[in-house]
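First to last, the protein sequences are chains A and B. No gaps in the numbering here: position 96 of the first sequence is 226 in our numbering, and each next residue is one more. No gaps in the numbering here: position 334 of the second sequence is 341 in our numbering, and each next residue is one more. Structure first, then comments.
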Amino acid sequence: MVYSETVTRQREDASLEENPLKAYVTVYARFTPEGDMEPLCLEWEDGRRFSIDRITDRRRAASRKAGGCGIRYVCMIKNKRVELFYEENYRWFVTAGTS
Amino acid sequence: MRTILHSDMNAFYASVELLYHPALHGKPVAVGGDPELRHGIVLAKSQEAKRCGVKTGMALWEARQCCPDIVFVPPHYDRYMRFSHLAHEIYADYTDLQEAFGLDECWLDVTDSAEVKGNGRRIAEEISERIKFELGVTVSIGVSWNKIFAKFGSDYKKPDAITEITKENYRQIVWPQPVEDLLYVGRATKRKLHTVGIHTVGDLACADPVMLKSLLGKMGLVLYVFANGEDQTPVAKERTHAPVKSIGNGMTAPRDLVNEEDVSLVVYLLAESVGARLREHGFAGSVIEIAVRDCDLYGFTRQKKIACPTNVTGEIAEAAMAIFRENYIWRKPIRSVTVRASMLVPDDAPWQTSLFVDPQKREKLMSLDAAVDTIRRRFGYHVIQRGLMLKDTRLSALDAKNDNTIHPHSYMERGNRVGIEELLTV
Numbered sequence: 131m132v133y134s135e136t137v138t139r140q141r142e143d144a145s146l147e148e149n150p151l152k153a154y155v156t157v158y159a160r161f162t163p164e165g166d167m168e169p170l171c172l173e174w175e176d177g178r179r180f181s182i183d184r185i186t187d188r189r190r191a192a193s194r195k196a197g198g199c200g201i202r203y204v205c206m207i208k209n210k211r212v213e214l215f216y217e218e219n220y221r222w223f224v225t226a227g228t229s
Numbered sequence: 008m009r010t011i012l013h014s015d016m017n018a019f020y021a022s023v024e025l026l027y028h029p030a031l032h033g034k035p036v037a038v039g040g041d042p043e044l045r046h047g048i049v050l051a052k053s054q055e056a057k058r059c060g061v062k063t064g065m066a067l068w069e070a071r072q073c074c075p076d077i078v079f080v081p082p083h084y085d086r087y088m089r090f091s092h093l094a095h096e097i098y099a100d101y102t103d104l105q106e107a108f109g110l111d112e113c114w115l116d117v118t119d120s121a122e123v124k125g126n127g128r129r130i131a132e133e134i135s136e137r138i139k140f141e142l143g144v145t146v147s148i149g150v151s152w153n154k155i156f157a158k159f160g161s162d163y164k165k166p167d168a169i170t171e172i173t174k175e176n177y178r179q180i181v182w183p184q185p186v187e188d189l190l191y192v193g194r195a196t197k198r199k200l201h202t203v204g205i206h207t208v209g210d211l212a213c214a215d216p217v218m219l220k221s222l223l224g225k226m227g228l229v230l231y232v233f234a235n236g237e238d239q240t241p242v243a244k245e246r247t248h249a250p251v252k253s254i255g256n257g258m259t260a261p262r263d264l265v266n267e268e269d270v271s272l273v274v275y276l277l278a279e280s281v282g283a284r285l286r287e288h289g290f291a292g293s294v295i296e297i298a299v300r301d302c303d304l305y306g307f308t309r310q311k312k313i314a315c316p317t318n319v320t321g322e323i324a325e326a327a328m329a330i331f332r333e334n335y336i337w338r339k340p341i342r343s344v345t346v347r348a349s350m351l352v353p354d355d356a357p358w359q360t361s362l363f364v365d366p367q368k369r370e371k372l373m374s375l376d377a378a379v380d381t382i383r384r385r386f387g388y389h390v391i392q393r394g395l396m397l398k399d400t401r402l403s404a405l406d407a408k409n410d411n412t413i414h415p416h417s418y419m420e421r422g423n424r425v426g427i428e429e430l431l432t433v
């Protein structure tokens with residue numbers, strides 16, 4: 131039995147309810163002509179927007195806490211350190227305790 | 008001397024699922040198929056489940072008997088394929104000679120980068136660290152000068168370990184191991200080797216190659232070469248594939264097949280997939296093969312050369328059914344069926360017409376199949392079906408072509424390049 135991408139996502143979302151440490155968010159990003167991708171701002175579920183002041187680190191990493199892997203951006207938002215992941219399934223999530 | 012790594016992601020499916028379900032950490036977890044569809048076996052298990060005695064291939068109920076607290080997670084093949092791809096991207100930073108062996112195993116020939124990075128172990132350590140950090144799963148890596156011992160090394164110590172097998176230590180590490188740990192020593196070969204007193208890899212390495220050849224044929228020499236670490240098989244270049252030799256599909260039916268009509272339905276379903284894949288790749292098959300397994304898991308394979316090479320669904324199915332009728336005696340219900348086409352030729356190759364075949368009708372059947380393929384590509388697989396499929400919608404609900412996307416590999420799919428030629432003259 132193979133689950134399609136959609137079913138996988140539905141299941142991921144369902145398992146999210148049991149995993150409060152992982153929150154998918156909307157991200158506004160800039161793509162440079164060199165092909166770099168830089169998140170500028172993230173939008174919470176309730177519509178609140180937080181602009182990213184600075185990116186201090188960018189590398190591939192797994193998050194054991196939230197469960198997932200992808201490109202990890204360590205961002206400074208209002209002097210707080212936030213880990214933002216561009217997951218291998220092309221969605222963005224932040225790890226909890228950082229909102 | 009070459010430097011070859013074999014990297015094996017530990018309990019791959021289970022590790023990926025554990026990463027995605029942090030709440031399950033430290034619990035016995037198994038990835039299992041869907042028991043409703045009778046795919047109810049353990050595909051992979053976590054270390055905790057392994058400790059309770061759960062084995063890959065066990066039925067889910069058996070696993071629960073071994074380990075009452077076990078948690079079953081359904082498999083997500085798309086995710087495993089993405090993880091496998093990410094691992095290959097990491098390997099690609101070290102070499103372009105990388106050959107996948109399934110989703111979770113890979114050989115790397117790092118002879119050239121070993122000079123830059125120091126040595127094979129250094130590279131193995133770097134890869135192991137990166138996979139742990141970037142993908143959140145662990146690997147076991149074997150380092151050696153040939154593919155067989157590299158694989159031995161990755162199996163030697165698990166999980167999250169690096170084993171180096173050198174010309175100095177292989178007699179201590181590899182030789183005391185049971186002979187069946189060697190690739191290509193299955194149940195039958197093991198039994199034959201035991202009759203002549205060969206129990207360990209070392210026994211095999213020290214045996215007389217002439218005797219091995221008379222016992223096992225050419226494979227005897229292959230195994231002799233394997234055991235002595237003299238396998239010359241190169242690591243293939245990344246993104247190259249062995250030439251396709253056959254195209255086949257098989258399935259375990261959601262319920263036992265009890266009469267010819269059931270079998271015919273499943274055979275047509277599989278033939279649809281085999282035919283579509285042949286047409287997609289521009290092939291026609293000259294030999295049709297069918298394999299069946301009864302509910303006691305006993306089975307056989309039979310094949311037959313057909314009059315003219317075909318990729319017509321109806322012809323494949325009829326040929327397969329003809330072989331089935333000739334060979335199966337109905338004593339037990341059937342559990343699984345496989346249909347395969349081999350001796351492939353290009354589908355535009357000229358073919359010998361026959362007095363008993365109407366070429367115009369064949370042309371029509373071919374354009375019919377082409378039309379069905381187009382409809383399915385545009386509107387989905389299930390929008391057009393044979394009437395036969397309506398007899399049992401539970402059986403025909405499966406899409407044999409798109410449900411099977413992971414294919415097994417064979418060590419010699421690119422031919423025997425072990426290097427037994429010198430021995431053959433003995």
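Note that beta-carbon positions come from the ideal geometry of N, C-alpha and C, so glycine has one too.
Asked, Found
"Classification of alanine 378 of chain B by the beta-carbon crowding that lies within 10 angstroms, buried from 16 upward", "exposed"
"Distance between cysteine 199 of chain A and arginine 221 of chain A (C-alpha atoms, nearest Å)", "11 Å"
"Proximity below 9 Å, CB of glycine 289 of chain B to CB of valine 319 of chain B", "no"
"Nearest residue (CA-CA) to tryptophan 152 of chain B, options B:Phe140, B:Thr145, B:Gly143 and B:Trp114", "B:Trp114"
"Near-chain B residues of the stretch 193-211 of chain A - C-beta to any C-beta below 8 Å", "Ser193, Arg194, Lys195, Ala196, Gly197, Gly198 and Cys199"
"Exposure of valine 49 of chain B, with buried meaning 16 or more beta-carbon neighbours within 10 Å", "buried"
"Any 3 or more C-beta pairs closer than 8 Å across the stretch 304-324 of chain B and the stretch 268-279 of chain B", "yes"
"Bridge partner(s) assigned by DSSP for alanine 30 of chain B", "DSSP, once it has assigned bridges, lists no residue as partnering alanine 30 of chain B."
"Beta bridge counterpart(s) of arginine 184 of chain A as assigned by DSSP", "A:Met206"
"Closer than 9 Å to chain B by CB, serine 229 of chain A", "Only weak support is given to the placement of serine 229 of chain A: the predicted model assigns it a pLDDT of 42, under 50, and the question is left unresolved by the model."
"Boundaries (first-last residue) of the beta strand (DSSP E) holding threonine 207 of chain B", "Note, threonine 207 of chain B: premise wrong, no beta strand (DSSP E); not H, not E."
"Min CB distance glycine 64 of chain B to chain A below 9 Å", "no"
"Chain A contact for glutamate 141 of chain B (CB, 9 Å cutoff)", "yes"
"Residue interval of the alpha helix (DSSP H) (run including lysine 152 of chain A)", "Where lysine 152 of chain A is concerned, there is no enclosing alpha helix (DSSP H), although the beta strand (DSSP E) it sits in stretches over 152-154."
"Under the three-state DSSP convention, the category threonine 225 of chain A falls into", "strand"
"When A:Glu164, A:Gly165, A:Pro150 and A:Trp174 are compared against glycine 158 of chain A, the one with the closest alpha-carbon", "The question names glycine, but residue 158 of chain A is tyrosine in the sequence shown. Among A:Glu164, A:Gly165, A:Pro150 and A:Trp174, the Cα nearest to that of tyrosine 158 of chain A belongs to A:Trp174."
"Neighbouring residues, chain B, relative to glutamate 218 of chain A (Cβ below 9 Å)", "Arg86, Arg89, Phe90, His92, Leu93 and Leu142"
"Lysine 225 of chain B - containing alpha helix (DSSP H), residue span", "225-234"
"Contained beta strand (DSSP E) runs [length at least 3] in the stretch 44-79 of chain B, N- to C-terminal order", "49-52"
"Nearest-angstrom Cβ-Cβ length linking lysine 225 of chain B and isoleucine 97 of chain B, presumed shorter than 8 Å", "Their Cβ separation, rounded to whole angstroms, is 37 Å, which puts lysine 225 of chain B and isoleucine 97 of chain B out of contact at 8 Å."
"Stretch pair the stretch 118-130 of chain B + the stretch 17-34 of chain B: three plus CB contacts closer than 8 Å", "no"
"Range of the contiguous beta strand (DSSP E) that encloses leucine 190 of chain B", "Segment: none, leucine 190 of chain B is in no beta strand (DSSP E) and carries neither H nor E."
"Proximal residues to threonine 317 of chain B (C-beta, below 7 Å), its chain only, five neighbours per side dropped", "Ala291, Gly292 and Ile323"
"Test: proline 29 of chain B CB closer than 9 Å to a CB of chain A", "yes"
"Neighbourhood of glycine 227 of chain B by C-beta, 6 Å cutoff - its chain only, sequence neighbours within 5 removed", "Leu219 and Lys220"
"Opening and closing residue of the beta strand (DSSP E) in which phenylalanine 307 of chain B lies", "306-317"
"Where asparagine 256 of chain B falls: helix, strand or coil (DSSP)", "strand"
"Continuous alpha helix (DSSP H) stretch holding glutamate 268 of chain B: start and end", "267-287"
"Proximity of leucine 285 of chain B and leucine 351 of chain B at Cβ, strictly below 9 Å", "yes"
"Whole-angstrom distance between proline 261 of chain B and arginine 401 of chain B, CA atom to CA atom", "7 Å"
"CB of leucine 242 of chain B within 9 Å of CB of aspartate 376 of chain B, strictly", "It is worth fixing the name first, because residue 242 of chain B is valine in this sequence and not leucine. No, Cβ-Cβ distance for valine 242 of chain B and aspartate 376 of chain B is not below 9 Å."
"Residue range of the beta strand (DSSP E) that includes threonine 170 of chain B", "168-171"
"Nearest residue (CA-CA) to isoleucine 148 of chain B, options B:Glu133, B:Thr170 and B:Lys139", "B:Thr170"
"Chain A within 9 Å of leucine 26 of chain B, Cβ atoms only", "yes"
"For tryptophan 358 of chain B, the nearest candidate out of B:Cys315, B:Arg332 and B:Val346 (CA to CA)", "B:Cys315"
"Residue burial classification, tyrosine 305 of chain B (beta-carbon count within 10 angstroms, cutoff 16)", "exposed"
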